[in-house]
Amino acid sequence: MEKIAFIGLGIMGVPMCLNIMKGGYPVFSYTRSQTHPSIPEAGATICDSPRAAAEQADIIIMIVNDTPNVEHVLFGENGVSEADLTGKIIVDMSTISPVATKEFAAKIIAAGGDYIDAPVSGGDVGAQAGSLSIMVGGSEAAFTRVLPIFTLMGQNITHIGEVGTGQITKMANQIIVAQSIQAVAEALVLASKAGADPEKVRQALMGGFANSRILEVHGKRMTSGSFQPGFKIDLHQKDITSALNTAREIGVALPGAAVFQQLLSSCVAQGGGNWDHSAVIKVIEQLAHHSIRDEKA
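For the sequence shown, our numbering gives the first residue as 860, with consecutive numbering after it.
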């Protein structure tokens, strides 16, 4: 059985790592913050650096929060690249720059390893349930080898193409999620200010063509005022910034994404970088001078 290094134990990483261990795989974990107690309790070996984890493993999985952190895990002091990578596969499940992904992959392949970019969608709920969507870029051989591990973390697993295409697909996902959140927020504020109960409106819409996971999960967060992060505004802002930068480089207009970026920036300016991204409804409410939750907004 393959031995797994798992690097990055945040909101997403902890349940993903636990699901791998439930599948019977031996895991060597590293996180720069304090290790969640459930990880050693489940039987993982705690390592003191990415290099130490990589040295013990056949497949090295990372999920950290941005491109510089992925680069540091791979190529910083005591990073993954300081281990002998011959025959090993690096699997980056973070959401980062597709350009940087290709650069990182080239270095890892030159060092004797292989590289897959496999960002995920589904939030903390999907991570806990093992029902994530996983978008994969990399060689067919590497994908086939890692697929049994992916099935422990996700249900919709798609090999898109070469290295970098997983990140491009996740970029598209984040654009759709962003504008869906904005649409739900605008619809609920409109309905509420017109005198309708926003929660009953949400329930009604879930039975029609407007139904979506965003309406189901984030719409409920909006009506209840529960903005504890499943996915932080800071992280979605980072993803949309990357999408806008990529779009500029290749000559694509993303007007809806640009508007959503401004909503995120307004939340950050109010100290809401750690709010769940559904909290952009607060900005829509401010523009309308109306809260759908009365004093809870």
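All C-beta atoms in this analysis are idealised placements derived from N, C-alpha and C, irrespective of residue type, glycine included.
With a threshold of 8 Å on Cβ separation, who are the neighbours of residue i within its own chain once the five nearest residues in sequence on each side are excluded?
| i | result |
| --- | --- |
| Q1038 | G1115, A1116, F1119 |
| A1000 | D973 |
| T894 | L868, S888, I905 |
| Q1129 | K1141 |
Considering only the alpha carbon of each residue, which of the options lies closest to residue i?
| i | options | result |
| --- | --- | --- |
| I993 | I1034, D951, S1101, I1040 | D951 |
| I975 | E962, L877, K1141 | E962 |
| M1081 | E1045, P957, F934, A1102 | E1045 |
| I1019 | M1012, S1125, F1002, I1035 | F1002 |
| N924 | F1068, G867, G997, L991 | G867 |
| P885 | R891, A901, I863 | I863 |
| S892 | Q1041, S908, V995 | S908 |
| V843 | L1094, Q1096, A1138, V1076 | The first residue shown for the chain is 860 and the last is 1156, placing residue 843 beyond what the model contains. |
| A969 | A959, S953, I955, T945 | T945 |
| R910 | F1068, V929, L1113, E941 | E941 |
| P899 | V929, Q915, M880 | M880 |
| W1134 | G1067, I1034, H1095, P927 | H1095 |
| E1144 | Q1041, E861, V932 | Q1041 |
| K1097 | I1034, G1110, N1070 | I1034 |
| P927 | R1107, A959, I1016, T1105 | A959 |
| A901 | K1059, N878, M860 | N878 |
| R1004 | H1148, E861, H1149 | E861 |
| F1090 | I1016, L1146, H1136 | H1136 |
Give the range of the beta strand (DSSP E) segment to which residue i is assigned.
| i | result |
| --- | --- |
| N1015 | 1013–1020 |
| G996 | 991–996 |
| A977 | Note, A977: premise wrong, no beta strand (DSSP E); not H, not E. |
| I918 | 918–921 |
| I863 | 863–866 |
Using beta-carbon positions only, say whether residue i and residue j come within less than 8 Å of one another.
| i | j | result |
| --- | --- | --- |
| I1099 | L1123 | yes |
| P978 | K1029 | yes |
| I918 | I967 | no |
| G1054 | I1092 | no |
| G996 | G1025 | yes |
| G882 | L1011 | yes |
| A1138 | F1068 | no |
| I920 | S953 | no |
Would you mind reading off the limits of the alpha helix (DSSP H) that contains residue i?
| i | result |
| --- | --- |
| G985 | 982–988 |
| F963 | 957–969 |
| A1128 | 1114–1128 |
| S1083 | 1078–1083 |
| M952 | Premise fails: M952 is in no alpha helix (DSSP H) and is neither H nor E. |
| I888 | First, the residue type needs correcting, since residue 888 is Ser and not Ile in the sequence shown. S888 -> not in any alpha helix (DSSP H); beta strand (DSSP E) instead, spanning 886–889. |
| F934 | 926–934 |
| Q915 | 909–915 |
| I1027 | 1024–1052 |
| V1060 | 1057–1064 |
| V939 | Premise fails: V939 is in no alpha helix (DSSP H) and is neither H nor E. |
| V1142 | 1140–1147 |
Grab me the residues of residue i's own chain with a C-beta within less than 6 Å of its C-beta, minus the 5 sequence neighbours each way, in chain order.
| i | result |
| --- | --- |
| A986 | M871, P874, M875 |
| C906 | F887, Y889, A912 |
| A964 | Y974, V1022 |
| N1032 | S980 |
| S1226 | No answer is possible for residue 1226: the residues shown for the chain start at 860 and end at 1156. |
| N937 | S908, R910 |
| G935 | none |
Might you give, ordered along the chain, the residues of its own chain that have their beta carbon closer than 7 Å to the beta carbon of residue i, omitting 5 neighbours on each side?
| i | result |
| --- | --- |
| L1074 | V1043, R1061, L1064, M1065 |
| P1057 | L1047, A1050, S1051, T1082, I1151 |
| V1142 | L1122, S1125, C1126 |
| S990 | G981, G1013, Q1014 |
Using the DSSP secondary-structure output, state which residues sit across from residue i in a beta bridge.
| i | result |
| --- | --- |
| T1003 | For T1003, which the question treats as bridged, DSSP gives no partner whatsoever. |
| T904 | F887 |
| K1164 | Nothing about residue 1164 can be reported from this structure: the residues present for the chain run from 860 to 1156 only. |
| D1098 | Answer by DSSP bridge pairing: none, since D1098 is not bridged. |
| K1091 | D1135 |
Is any heavy atom of the ligand HEM found at a distance shorter than 7 Å from the C-beta of residue i?
| i | result |
| --- | --- |
| D1093 | Inclusion of the ligand HEM in the displayed structure is not the case, the ligand content being empty and no account of it being possible. |
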